[in-house]
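Undergrad: Okay, so the sequence shown: first residue is 1070 according to the numbering used here, each after it adds one.
Ideal Cβ placement from N, Cα and C applies to all residues, glycine included.
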Amino acid sequence: MMFRGTVYILSVFALACALAGSCNVAAAQAKQENKQEKTPPAKDAPASMTGCVDEQEGNYVLLSDRTMSPVAHLEADGFPREAFAKHVGHKVTVRGTSNTQGALPLFKVRSIETISETCAPQQ
1070 MMFRGTVYIL
1080 SVFALACALA
1090 GSCNVAAAQA
1100 KQENKQEKTP
1110 PAKDAPASMT
1120 GCVDEQEGNY
1130 VLLSDRTMSP
1140 VAHLEADGFP
1150 REAFAKHVGH
1160 KVTVRGTSNT
1170 QGALPLFKVR
1180 SIETISETCA
1190 PQQ
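#1: Just to confirm, is the Cβ distance from Ala1116 to Ser1180 under 8 Å?
#2: Please state if the CB of Leu1131 and the CB of Gly1147 are separated by a distance shorter than 8 Å.
#3: Leu1173: buried (16+ other C-beta within 10 angstroms of its C-beta) or exposed?
#4: Using only alpha-carbon positions, find the residue among Thr1187, Ala1152 and Gln1125 that is nearest to Ala1141.
#5: Taking only three categories from DSSP, how would you classify His1159?
#6: Which value, in whole angstroms, describes the spacing of the CA atoms of Pro1190 and Arg1150?
#7: So what does DSSP say about Leu1173, is it helix, strand or coil?
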């Protein structure tokens, strides 16, 4: 009879430990989820890029000055969009913020500095 009581107590103890362990895991997961929810979404990072301005399908893009392939979509931030037109075909450095949520980053341009009046692939 004593053996059966000991087995019962040990079984209850094992079940309590198992439940306590799973409760700790669930609490840790809930805590991690709350931590992730409280993290603010990533903001656009300040950045600069150098390349060639081009107009493609009515939108302005920055091309790699080595390969002449698009590296970012350009969006005016604080000035008229049409101001990009005078930089088409020029090598420039753009400063602003970059957001990489698409195939090409969206670069919100705050300022443009002309590096060269021409732009050609570098070898």
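TA: From the atom records:
#1: Walking along the sequence shown from the start, residue 1116 turns up at place 47. Walking along the sequence shown from the start, residue 1180 turns up at place 111. It is not a contact, given that the beta carbons lie outside the stated cut-off.
#2: Residue 1147 sits at position 78 when you count from the first residue of the sequence shown. Residue 1131 sits at position 62 when you count from the first residue of the sequence shown. Not a contact, by the Cβ cut-off of 8 Å.
#3: As a first step, residue 1173 is located in the sequence shown; it is residue number 104 there, counting from the start. Exposed: under 16 other Cβ atoms inside 10 Å.
#4: Taking the sequence shown and counting its residues from 1, the one referred to as residue 1141 is at position 72. If we check each option's Cα against that of Ala1141, Gln1125 comes out closest.
#5: Position 90 of the sequence shown, counting from 1, holds the residue named residue 1159. Residue state, collapsed to three classes: coil.
#6: Taking the first residue of the sequence shown as 1, we reach residue 1190 at position 121. Taking the first residue of the sequence shown as 1, we reach residue 1150 at position 81. Taken atom to atom, the span from the alpha-carbon of Pro1190 to that of Arg1150 is near 26 Å.
#7: To locate residue 1173, count along the sequence shown from 1; it is residue 104. Collapsing the DSSP output to three states places Leu1173 in coil.
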